[in-house]
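Structure, as structure tokens:
Number of protein chains: 2
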Amino acid sequence: MNRKSTPTLADVARLAGVSTASISRALNSPEKLTSTTRERIQAAIDELGYTPNFGGRALASNRTETVGAIIPSMSNAMFASGLQAFQEALSSEGVNLLVATTGFDPEVELRQIKALVSHGADGLLLIGNDRPEKTWDFIDKRQVAHVVAWTNQARPGQFFVGFDNEAAACDAARRALALGHRRLAMIGGLSVNNDRTRARRDGVMRAVAEFGEGAVLTTVVEAEYRLDAGAEAFSRIMSTQRPSAIVCANDVLAAGAMMRARDLGIDVPEDVSIIGFDDIGLASVVTPPLATVRVPQLAMGREAARVLLALLASTSGVSSVLLPTEFIARGSLGPASRRVPNRPLT
Amino acid sequence: MNRKSTPTLADVARLAGVSTASISRALNSPEKLTSTTRERIQAAIDELGYTPNFGGRALASNRTETVGAIIPSMSNAMFASGLQAFQEALSSEGVNLLVATTGFDPEVELRQIKALVSHGADGLLLIGNDRPEKTWDFIDKRQVAHVVAWTNQARPGQFFVGFDNEAAACDAARRALALGHRRLAMIGGLSVNNDRTRARRDGVMRAVAEFGEGAVLTTVVEAEYRLDAGAEAFSRIMSTQRPSAIVCANDVLAAGAMMRARDLGIDVPEDVSIIGFDDIGLASVVTPPLATVRVPQLAMGREAARVLLALLASTSGVSSVLLPTEFIARGSLGPASRRVPNRPLT
DNA sequence: GTGAAAGCGCTAACAA
DNA sequence: TTGTTAGCGCTTTCAC
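Residue numbers (our numbering), protein chains in the order written: chain A, 633 to 978; chain B, 633 to 978.
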């Protein structure tokens, strides 16, 4: 992979008949030049289609105006809009964004962190706070400026921009209990290396435990972030436990469960109530609409950008940001039915 | 934004007691070193948490192993999985991916193209083939290796990896005609700077025109890529034209239309059939499931990576890739009702 | 197998 | 206001 013959500062300087320093100034502090030279230089730049070489600039100035974000997956509406907001906020400050994905693999995450740092990312946005010691060692040793998002956990001296997954999930489960549901089940995300999904599970467990006698969390099954995985989990749960409400760790699993319910002729919410988490577009589109927890994606992206830039500008006066979530009551959550519970499906 | 004090090659060399050249060799062609020095060097690298500085490397070697992708928006399921596949294919070849978004603004797109090229992207993935002369000028002048995706249009000598939007949309409309629908309407995407959505519109128009007498495309309204925009467009269409089938330029608009239909008590497909495009997760989750056109997202991402890498390796033996689409018949498309058409809604 | 040194494109002192 | 020049971190000849 060889780069095409690329115009350099020197080429522009030659064409414009000025020194390389003047070109550099035209790019970085145009007010220091007379308008005539500036125009002459601009003409030369346009003619050659010149763009400054990032490597050279980074090398010379020790500045990159670039930050990186490392997310589990792009095909995940859960991160998409937050990241979009993050990048827009950065853009308006003239900072570029590099994005890399991990596929939920911690090894890949470390590789990507190194790759982005090598590429000159001044700071990083990371998702969640759960990663191997090895990864934190690298971050600490290199003093990589970073903020963790989608969580309210950060290591000492580090910063998060996120929300309380545990409390939000606990609140959601309480809504079901308040409507008379006593047999709850949960479709959780894969909890390995994922503090967010673990926190959501713990929140549901706490709600049931605190409610006390009479309420029971019949089962927690873990499923990948896919519609069909949610559907399968639903089948599994309904064929054995027959809860009256199912709390899901995210909307995709919940939507998958609802699809399967429709196929099995199980009515939502008459036979079983379903609650999601995230409030992505899916939630308002399913029938009945999905009760869920709205996550402040846009605010999180914006705030993460603000905090990260503040962190890069100076290390003082920065603090973590805890954002509120909101329970969105919709048709998929109804009162516990007074029907006699059905037998498990055969 | 200043970089932290960062270990350099020289630091590693000093610690390991060898020359900088050896460190470079350890990184790039380890087989040229004895295993003992290699191990000593690796230990020093680990101890310092060293990662090669990308800028320095790019400068010295004129090689970056990095490509860029520029997409309209990340919060758009339509691009997400294709991009994910693109990045995975690149990753397995040791090539990094930089991502930037345009928000559908051609000015921003040009800026992002320049930014990625400056950052050392050896090649680019672009969406669609419709961009201002100015942008193509830059690409031509700098000879930026690129492939355009999601389209089957490419300029002479350039390459696409995509599918035939026009034919696919035409086919979808014909399905409706074949089921007896004669009054069609379309909810299109915004057609400015978007050859994909224009092609889809043209395909529907062609199907109706070719069908001849008796079939009519009552109206085409354009809407932003949002659920509520689809809902609004649906209201507008149904309050005036009362078609029996609506072809939508994408699934998000179609899902929005279905939401509104549900709210207005209009039955799908009994009162009106709805067809989407893209087959994102949404489509199988709505009630009734959405008939749509399946776009080969994963294959497109993978193939785009293959073509781009081939292009970078050598300019010969590369060709465009046309991928098939597939019409997915689902419940939202039914036979034209024999009911007397309702009056327009009030 | 290993080291010395030139030079990639750029910025920032400093000089004029 | 503009030019000259050293040097950023790395790779890559060319010697040894």
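C-beta atoms are modelled at their ideal positions from N, C-alpha and C, and glycine is treated no differently. Source: prediction; values computed, not measured.
Fill in: At least three beta-carbon pairs within less than 8 Å, the segment 670 to 678 of chain A to the segment 671 to 683 of chain B
no
Worksheet entry | Buried or exposed by the 16-neighbour rule on C-beta atoms within 10 Å, applied to L954(B) | exposed
Fill in: Any C-beta of chain A under 7 Å from that of P684(B)
yes
Practice prompt. Using a Cβ-Cβ cut-off of less than 9 Å, give me the residues of the segment 723 to 735 of chain A that come near chain B, in sequence order.
Written response: S723, V727, N728, L729, L730, V731, A732, T733, G735
Worksheet item: Is it the case that the Cβ atoms of V780(A) and L758(A) are separated by a distance below 7 Å?
Response: For the pair V780(A) and L758(A), the CB atoms are nearer than the 7 Å cut-off.
Worksheet item: For chain A, is any of its Cβ atoms less than 7 Å away from the one on S707(B)?
Response: yes
Worksheet item: Are the C-beta atoms of R787(B) and some chain A residue less than 7 Å apart?
Response: no
Worksheet item: Within 7 Å (strictly less), CB to CB, does T640(B) reach chain A?
Response: no
Fill in: Validate contact between the segment 848 to 866 of chain B and the segment 819 to 827 of chain B using beta carbons, cut 8 Å, 3 pairs
Because the criterion of three Cβ pairs below 8 Å is met, the segment 848 to 866 of chain B and the segment 819 to 827 of chain B touch.
Worksheet entry | C-alpha gap between N888(B) and A753(B), whole angstroms | For the record, residue 888(B) in the displayed sequence is Gly; it is not Asn. Straight-line Cα distance between these residues: approximately 38 Å.
Fill in: 7 Å CB neighbourhood of A937(A) in its chain, flanking five on each side removed
F718, A721, L722
Fill in: Close Cβ partners of G835(B) (< 8 Å) along its chain, the five nearest in sequence each way excluded
N797, E798, A799, A800, A801, C802, D803, A804, A805
Worksheet item: Is H778(B) close to chain A, meaning its C-beta is less than 7 Å from at least one C-beta of that chain?
Response: No, H778(B) lies away from the interface with chain A (no Cβ there is under 7 Å from its Cβ).
Fill in: Minimum Cβ-Cβ distance from S750(A) to chain B less than 7 Å
yes
Item to complete: Using a threshold of 7 Å, state whether the C-beta atoms of I907(B) and V879(B) are closer than that.
Response: Result yes, Cβ atoms of I907(B) and V879(B) sit closer than 7 Å.
Worksheet item: For L811(A) versus P967(A), is the C-beta distance shorter than 7 Å?
Response: yes
Worksheet item: Nearest CA to the CA of V639(A): which residue from R657(A), E842(A), F686(A)?
Response: Looking at the sequence itself, residue 639(A) is Pro, so the reference to Val does not match. Comparing Cα positions, the closest option is F686(A).
Worksheet item: With 16 other CB atoms within 10 Å as the buried threshold, where does S651(B) fall?
Response: exposed
Discussion item. Suppose contacts are defined by Cβ-Cβ distances below 7 Å. Is A931(A) in contact with T924(A) by that definition?
Written reply: No.
Practice prompt. Mind checking the segment 691 to 705 of chain B against chain A and listing, in chain order, the residues whose C-beta falls within less than 8 Å of any C-beta there?
Written response: Cβ contacts with chain A come from L691, N694, R695, T696, E697, T698, S705.
Item to complete: Answer yes or no: do T911(B) and I869(B) have a C-beta to C-beta separation smaller than 7 Å?
Response: First, the amino acid is wrong: residue 911(B) is Asp here, not Thr. No. Outside cutoff.
Worksheet entry | Contacts of F770(B) in chain A (Cβ-Cβ under 7 Å) | G681
Worksheet item: Taking Cβ-Cβ distances shorter than 7 Å, what residues in chain A pair up with Q719(B)?
Response: T733
Discussion item. I need the straight-line Cα distance from I771(B) to T783(B), nearest angstrom please.
Written reply: 18 Å
Worksheet item: When the Cβ atoms of the segment 693 to 706 of chain A are set against those of the segment 725 to 742 of chain A, are three or more pairs found closer than 8 Å?
Response: yes
Fill in: A658(A) and R646(A) closer than 7 Å at C-beta
no
Discussion item. Does the CB of R774(B) have a neighbour CB from chain A at under 7 Å?
Written reply: yes
Worksheet item: Comparing the C-beta of L756(B) with each C-beta of chain A, is any distance below 7 Å?
Response: no
Item to complete: Under 8 Å Cβ to Cβ from G846(A), same chain only, skipping five residues before and after it: list those, please.
Response: Scanning its chain for C-beta atoms nearer than 8 Å, with the 5 sequence neighbours on each side dropped, one finds around G846(A) the residues R814, in chain order.
Practice prompt. Kindly indicate if chain B contains any beta-carbon less than 7 Å away from that of M891(A).
Written response: yes
Item to complete: Check the Cβ of V918(B) against every Cβ in chain A and list those closer than 8 Å, keeping chain order.
Response: V917, V918, T919
Fill in: Span of the alpha helix (DSSP H) around I912(B)
Taken as a continuous stretch (DSSP letters only), I912(B) belongs to no alpha helix (DSSP H), as it is neither H nor E.
Discussion item. Please report the straight-line C-alpha distance between T683(B) and S750(A), rounded to a whole angstrom.
Written reply: C-alpha separation (whole angstroms): 6 Å.
Worksheet item: For Q790(B), which residues in chain A fall below 9 Å Cβ to Cβ?
Response: Result: empty, since nearest Cβ-Cβ is about 15 Å, beyond 9 Å.
Fill in: N-terminal and C-terminal residue of the beta strand (DSSP E) that F736(B) is part of
It is not in any beta strand (DSSP E) - F736(B) carries neither H nor E in the DSSP assignment.
Worksheet item: Which residue comes first and which comes last in the alpha helix (DSSP H) that contains L885(B)?
Response: 883 to 896
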